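Here the structure comes first, spelled out in structure tokens, and everything after it is commentary.
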Amino acid sequence: GCNPLAETGRSKLQNQRAALNQQILRAVRMRAGAENLLRATTNNKVREQVLLELSFVNSDLQILKEELEGLNISVEVYQNAEETFSIPLVPLGLKETKDVDFTLPLKDFILEHYSQDSSEYEDEIADLMDLRQACRTPSRDEAGIDMLISYFLQLGYVENRFFPPTRHIGVLFTWYDSFTGVPVCQQNLLLEKASVLFNIGALYTQIGTRCNRQTQDGLENAVNAFQKAAGVLIYLKETFTHTPSYDMSPAMLNVLVKMMLAQARECVFEQIGLSGIRNEFFTLVKMTQEVAKVGEVYMLVNTAMNQEPVKENIPYSWSKLAQIKSDHYKALAHYFIATILCDHELQPSDDEDQQEKALSQLYDYVPEGLMVLAVLKDKVQRKQLGKAHLRKAIVYHEEALRVCGLCKKLRNIEVLQEVLTAAHKRSLLKYAQQETEDDFLSLIQAPDILPKTEHKIETIAPQFSKVKVKDFFHKLGPLTVFSAKQRWTAPRTIHLHHEAGELGFSLKGGSPVQIYCLDPVCSAASAGLKEGDYIVSVGGMDCKWLGVNEVLEKLKSMGKQPMELEVISCQDTAASLHSKSATYSMGMQKTYSLICLAMDEDKIDQTKKAPLKLPFLSWGTKNRQKAASTLCLPSAVAGSSQIKKKLSPFTLLNTESSLY
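Position 137 (the sequence shown) corresponds to 137 in full-length UniProt numbering; numbering is contiguous.
Structure representation (structure tokens):
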């Protein structure tokens, strides 16, 4: 990742965002406390004081929210450093998070669940924490994207290794909403994965805004980046359907996808006109339809931003900028068609059928009393319709300037004011060049222009497979066997002796190999080996990743000498689960789940009082290491047959829905 202390414009914005998030958190806590006191007290004097305090806190929260909105509209920092005369594009800010210490929870889980020496995995846990820390400040290029994707894929391994579906291991993830600054705290790894995905999409938008829009390659890269951003956000919406953060809600993600595709469409239009727009009939017809399409998509974005529940959380300046762009590009469409009508008279050498067909495609209808072919042939009608389009263009330009002037954040963006003013002056100059003495006789209203495009803009789905990631905890064994969903006995040591050159059992399976066709009267069975056991070590050498042939070679290499095998047996997962759980949820979207000891109600005489058992809820932080290290230690299974799995209430839980 980038140096978090580097004083770049982008890092300064992220530091300001982090500081604002902390202030918002304090204000939210104060408001929650004041509201609780207001509900609890009956003293009128206290109620008045609390109401006064609440008004101050709410005002403070509103000011902080406006400051956060100011950071979201600080688009100049993310634009290309070269001088450009284009309306700025809007990037998404990265979600901020708190530090997470994986050390104790993962070491305890390795000791408890996998019965291995957790000190051997300190480097791997440190690598995981370093990668997470680096993902907080990714570089604004493909390397930063690859790093975020690698962490997202690594989380898939971590989830399968250490996060069982029925309980939490004590790792608390905190992420701040990108728009409201409100924190979301959960022990569910899905919140972490969803937030990383959001940051991948946000980083793509920052890459898109950074591209040089004065070159074809730069504009093509910008279009590609915004399409990929939209693809990541759609993947986030479809994969994580119950995210508790407002910025990752389905309604908000829909709006963000529309905005990214609109900005991609805007870059496509700039790409078409980059080499210059020739003042030629059919070229102007094509440009009219393309720019009308840009105005239409921004109108849809503005409409979506003003719908509930998005309206309350989307930055106000974003919706106004979408409205400004819609009016600006609609004005350009009317200016282009006015140029067609005012500057191009039908010549004898022109193909009037082709021009009539091209002009007819621009309109859904023509004003009453006018025919397209007659307009092309009649100089007066052409000029009247052209001036009507210029008047409409001027109206759109003035509306865009008015909205820009009303929004404080947008008013301070100089290049936006310059672009809008220049386009407005150009339309006024074009209108002034036309004869004006008969204006009072012209009652023609310019019809709306039909948008059309030859360039299809689609989302690009994320390509996670292009980033190759190695499981940090590869030493634990194959993930299909050694996962958090399956429980194992502690490794047992079996002392083997050759009997007439035979072992008394066969091997099957992939990695690790499994005991098969065990002779019940052989010395291995007498030493405690059981059918279905997995071999994890031969002669002190780890063989969890070895196949049947490799393990047989190791066994043969021992010769007739006594050998030691370490084996494990699969436990019944349903029987080992705790039957009671306590969940605490209050205030903001937090979920803290603790596992309680089960009471064996069948063995308790209903007429007698059962002795109270100390629940796990009484555990403190000081004895956490001891408790987590001794809870549910695996033990050897006495029976040799596999116990049939029972249906547990926990199997009905949906891990995705538990995000709430």
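Just so it is clear, CB atoms sit at the ideal spot from N, CA and C, and this is done for glycine as well.
On a predicted model such as this, the values are computed, not experimentally measured, just so you know.
Exercise. Does the distance from the CB of LYS237 to the CB of LEU253 come in under 7 Å?
Worked result: Counting from 1 along the sequence shown, the entry for residue 237 is found at position 237. Counting from 1 along the sequence shown, the entry for residue 253 is found at position 253. Yes.
Exercise. Do VAL538 and LEU565 have their CB atoms nearer than 7 Å?
Worked result: As a working mapping, residue 538 is identified with position 538 in the sequence shown. As a working mapping, residue 565 is identified with position 565 in the sequence shown. In contact: VAL538 and LEU565 (Cβ atoms closer than 7 Å).
Problem set entry | Cβ-Cβ distance between THR459 and GLY295 below 7 Å | The count along the sequence shown starts at 1 and reaches residue 459 at position 459. The count along the sequence shown starts at 1 and reaches residue 295 at position 295. In this structure, THR459 keeps its C-beta atom at 7 Å or more from the C-beta atom of GLY295.
Exercise. Would a C-beta distance cut-off of 7 Å place PHE464 and LEU128 closer than the cut-off?
Worked result: Locating residue 464 in the sequence shown gives position 464, where the first residue counts as 1. Locating residue 128 in the sequence shown gives position 128, where the first residue counts as 1. With a cutoff of 7 Å on beta-carbon distance, PHE464 and LEU128 are scored as not near each other.
Exercise. Does the distance from the C-beta atom of PRO244 to that of VAL301 stay below 7 Å?
Worked result: By one-based count along the sequence shown, residue 244 stands at place 244. By one-based count along the sequence shown, residue 301 stands at place 301. In this structure, VAL301 does not lie closer than 7 Å to PRO244 by Cβ.
Exercise. Within 10 angstroms of its Cβ, does SER319 collect 16 or more other Cβ (buried), or is it exposed?
Worked result: By one-based count along the sequence shown, residue 319 stands at place 319. Buried: at least 16 other Cβ atoms inside 10 Å.
Exercise. Tell me the DSSP bridge mates of LYS508?
Worked result: Position 508 of the sequence shown holds residue 508. LYS508 is bridged by DSSP to GLN514.
Exercise. Closest by CA to VAL366, which one among VAL380, LEU385, LEU518, VAL567?
Worked result: Walking along the sequence shown from the start, residue 366 turns up at place 366. Residue LEU385 is the option with its Cα nearest to VAL366.
For this session: Identify whether ARG492 lies in helix, strand or coil by the three-state DSSP scheme.
Result: The sequence position of residue 492 within the sequence shown is 492, counting from 1. The answer is strand: DSSP assigns ARG492 an E or B state.
Exercise. If we count Cβ pairs, one from each stretch, closer than 8 Å, do we get three or more for the stretch 164-174 versus the stretch 131-149?
Worked result: No, they do not touch.
Exercise. For ASP130, which three-state DSSP category applies?
Worked result: Here residue 130 refers to the residue found at position 130 when the sequence shown is read from its first residue. ASP130: helix per DSSP, three-state reduction.
Exercise. Are the beta-carbon atoms of LEU20 and LEU61 separated by less than 7 Å?
Worked result: Numbered from its first residue, the sequence shown carries residue 20 at position 20. Numbered from its first residue, the sequence shown carries residue 61 at position 61. Here LEU20 is not near LEU61, since their CB atoms are 7 Å or more apart.
Exercise. If you draw a straight line from the alpha carbon of PRO88 to that of SER249, how long is it in whole angstroms?
Worked result: Within the sequence shown, the letter at position 88 stands for residue 88. Within the sequence shown, the letter at position 249 stands for residue 249. For PRO88 and SER249, the distance between alpha carbons rounds to 26 Å.
For this session: Determine the DSSP secondary structure at MET558, reduced to helix, strand or coil.
Result: Within the sequence shown, numbered from 1, the residue matching residue 558 stands at position 558. Coil.
Exercise. What's the gap between the Cα of ILE234 and the Cα of VAL257?
Worked result: Against the sequence shown, residue 234 aligns to sequence position 234. Against the sequence shown, residue 257 aligns to sequence position 257. Straight-line measurement puts the Cα of VAL257 at about 7 Å from the Cα of ILE234.
Problem set entry | Beta-carbon proximity of HIS397 to HIS334, cut-off 7 Å | Along the sequence shown, one-based indexing puts residue 397 at 397. Along the sequence shown, one-based indexing puts residue 334 at 334. For HIS397 and HIS334, no; Cβs fall outside 7 Å.
Problem set entry | Sequence-distant residues of its chain with Cβ nearer than 6 Å to GLN23 (five each side left out) | For the purposes of this step, residue 23 is identified with residue 23 of the sequence shown, where counting begins at 1. Result list for GLN23: LEU64, in chain order.
Exercise. Buried or exposed: where does LEU51 fall if 16 or more other Cβ atoms within 10 Å of its Cβ makes it buried?
Worked result: Counting from 1 along the sequence shown, the entry for residue 51 is found at position 51. Label assigned to LEU51: exposed.
Exercise. Would you call the stretch 325-333 and the stretch 278-298 touching, i.e. three or more CB-CB distances under 8 Å?
Worked result: The stretch 325-333, when compared against the stretch 278-298, does touch it at the 8 Å Cβ threshold.
Exercise. Within 6 Å: the Cβ of VAL268 and any heavy atom of the ligand GTP?
Worked result: By its list of ligands, the structure shown contains no ligand whatsoever, and the ligand GTP lies outside what it can speak to.
Exercise. Which of helix, strand or coil does DSSP assign to TRP545?
Worked result: Indexing the sequence shown from 1 puts residue 545 at position 545. Reduced to three states, the DSSP call for TRP545 is coil.
Exercise. Alpha carbon to alpha carbon, how far is LEU376 from ARG391?
Worked result: On the sequence shown, residue 376 is found 376 positions in, with the first residue counted as 1. On the sequence shown, residue 391 is found 391 positions in, with the first residue counted as 1. Computed Cα separation, rounded: 20 Å.
Problem set entry | Helix, strand or coil at PHE109 according to DSSP, with G and I counted as helix | Within the sequence shown, the letter at position 109 stands for residue 109. In the three-state scheme derived from DSSP, where H, G and I count as helix and E and B as strand, PHE109 is classed as helix.
For this session: Could you check the C-alpha separation between ALA484 and LYS530 for me, to the nearest Å?
Result: Translated into positions along the sequence shown, residue 484 becomes position 484. Translated into positions along the sequence shown, residue 530 becomes position 530. Taking the Cα positions, ALA484 is about 23 Å away from LYS530.
Exercise. Less than 7 Å separating the beta-carbons of LEU68 and GLY208?
Worked result: By 1-based counting over the sequence shown, the position of residue 68 is 68. By 1-based counting over the sequence shown, the position of residue 208 is 208. In terms of Cβ geometry, LEU68 and GLY208 do not form a close pair [threshold 7 Å].
Exercise. Between the C-alpha atoms of PRO91 and GLN514, what's the straight-line distance to the nearest angstrom?
Worked result: For this step, residue 91 is matched to residue 91 along the sequence shown. For this step, residue 514 is matched to residue 514 along the sequence shown. Their Cα atoms are separated by approximately 53 Å.
Exercise. To which residues of the same chain is LEU507 closer than 8 Å at the C-beta, ignoring the five residues directly before and after it?
Worked result: For this step, residue 507 is matched to residue 507 along the sequence shown. Around LEU507: VAL513, GLN514, ILE515, TYR516, ILE535, VAL548, VAL551, LEU552.
Exercise. Which whole-angstrom value describes the C-beta separation of ASN313 and TYR246, a residue pair presumed to lie in contact below a C-beta threshold of 8 Å?
Worked result: The sequence position of residue 313 within the sequence shown is 313, counting from 1. The sequence position of residue 246 within the sequence shown is 246, counting from 1. 5 Å between Cβ atoms; contact.
Exercise. Cα separation between LEU503 and ASP533?
Worked result: In the sequence shown, the residue the question calls residue 503 occupies position 503. In the sequence shown, the residue the question calls residue 533 occupies position 533. Looking at the two C-alpha atoms, the distance is approximately 15 Å.
Exercise. Beta-carbon separation of ILE457 and ARG210 under 7 Å?
Worked result: Numbered from 1 along the sequence shown, position 457 holds the residue referred to as residue 457. Numbered from 1 along the sequence shown, position 210 holds the residue referred to as residue 210. No, the Cβ-Cβ distance between ILE457 and ARG210 is not below 7 Å.
Exercise. Between SER569 and GLU122, what straight-line distance do the alpha-carbon atoms span, to the nearest angstrom?
Worked result: Counting from 1 along the sequence shown, the entry for residue 569 is found at position 569. Counting from 1 along the sequence shown, the entry for residue 122 is found at position 122. Here the alpha carbon of SER569 sits roughly 26 Å from the alpha carbon of GLU122.
Exercise. Closest by CA to MET541, which one among GLN433, LYS560, LYS475, MET299?
Worked result: In the sequence shown, the residue the question calls residue 541 occupies position 541. Nearest to MET541 by alpha-carbon distance, out of GLN433, LYS560, LYS475, MET299, is LYS475.
Exercise. Got a sec? Which residues, its chain only, sit under 7 Å from ASP117 by beta carbon, not counting five neighbours each side?
Worked result: Taking the sequence shown and counting its residues from 1, one reaches residue 117 at position 117. Same-chain partners within the cutoff: there are none.
Exercise. Can you tell me whether GLY218 is buried or exposed, with buried defined as 16 or more other CB within 10 angstroms of its CB?
Worked result: Mapped onto the sequence shown, residue 218 falls at position 218. GLY218 counts as buried, since at least 16 other C-beta atoms from the protein chains shown sit within 10 angstroms of its C-beta.
Exercise. What are the start and end residues of the alpha helix (DSSP H) that includes THR339?
Worked result: Here residue 339 is taken as the residue at index 339 of the sequence shown, counted from 1. Its alpha helix (DSSP H) spans residues 316-343.
Exercise. Is the beta carbon of LEU191 less than 7 Å from the beta carbon of PHE173?
Worked result: Taking the sequence shown and counting its residues from 1, one reaches residue 191 at position 191. Taking the sequence shown and counting its residues from 1, one reaches residue 173 at position 173. Their beta carbons are under 7 Å apart, which means LEU191 touches PHE173 by this criterion.
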